[in-house]
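One structure is given here, and the rest of the page talks about it.
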Amino acid sequence: MGSTPVANPSPPRRWRFSRRVVPLAFLALAVIALVAIGVAVVWPSDGADSEWTAVARVDELAVNDPLAVEGDVYLVLLESGEILALSQIDPHLGCKVPFAPDFEYMGDTGWFRNPCHGETYDLTGVCYFGPCPRGLDRYEVRVRDGDVEVSFARLTEGPDNSARDGREPVTLD
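Numbering (the working numbering), first residue to last: 8 to 180.
Below, the structure written as structure tokens:
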């Protein structure tokens, strides 16, 4: 009696990646990750409130007395009750413009005065003197639950120089 030969099955083949496939797979994963990060950054957030930052309380503001807050911004409460958020950065050459409560100009005191070039702005940011192309730029402001909130994403150009024509400046006096 003879024996019948039995075929031994060959072992299953292992997956083998060529040397080109591995770097291409890593490159594809990196591109997918970058696209996902880009979409997460650009995609609108869960609500419009995320662009608003509380910078002060309403009761911290005094009429016609600018308050410097974070983000190089002055908050000014006008006699009308309107609150302005003025950029501290001069639109001419980008110098920081401090408020000078004792500076007198045109018979009035209390002006924003640029130490770099002498531009002089009233409390509403309108330019009254100097080589300023326009008034101080403004951010959008709102009041919620006693907090003054500023949208740093919503900067608008300050008033053009025609805003001062025939208009009395708003100062401390």
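Beta carbons: idealized from backbone N, C-alpha and C, even for Gly.
Thinking C-beta only, is residue j closer than 8 Å to residue i?
{"i": "GLU164", "j": "ASP144", "result": "yes"}
{"i": "TYR81", "j": "LEU100", "result": "no"}
{"i": "LEU130", "j": "TYR146", "result": "no"}
Take residue i and list the residues in its own chain whose beta-carbon comes closer than 7 Å to its own, dropping the five residues that flank it on each side.
{"i": "GLY142", "result": "TYR128, GLY132, VAL133, CYS134, GLY165, PRO166, ALA170"}
{"i": "PRO18", "result": "none"}
With a threshold of 8 Å on Cβ separation, who are the neighbours of residue i within its own chain once the five nearest residues in sequence on each side are excluded?
{"i": "VAL70", "result": "LEU84, LEU85, GLU86"}
{"i": "ASP97", "result": "LYS103, VAL104, ASN121, CYS123, HIS124, GLU126, CYS139, LEU143"}
If contacts are defined as beta-carbon pairs under 8 Å, then residue i and residue j qualify, I think. What distance do you get, rounded to the angstrom?
{"i": "PRO108", "j": "THR116", "result": "7 Å"}
{"i": "ALA63", "j": "VAL76", "result": "5 Å"}
{"i": "ALA160", "j": "GLU58", "result": "5 Å"}
Give every residue of the same chain whose Cβ lies closer than 6 Å to the Cβ of residue i, excluding the five residues on either side of it in the sequence, and list them in chain order.
{"i": "ARG120", "result": "ALA107, PHE110, THR127"}
{"i": "ARG149", "result": "GLU156"}
Can you name the start and end residues of the alpha helix (DSSP H) that residue i belongs to?
{"i": "VAL48", "result": "28-49"}
In whole angstroms, what is the alpha-carbon distance linking residue i and residue j?
{"i": "GLY78", "j": "PHE136", "result": "25 Å"}
{"i": "LEU68", "j": "ASP154", "result": "11 Å"}
{"i": "LEU31", "j": "VAL38", "result": "11 Å"}
Which residues mark the beginning and the end of the beta strand (DSSP E) in which residue i is found?
{"i": "VAL76", "result": "74-76"}
{"i": "VAL156", "result": "It is worth fixing the name first, because residue 156 is Glu in this sequence and not Val. Counting along the chain, the beta strand (DSSP E) containing GLU156 begins and ends at 154-163."}
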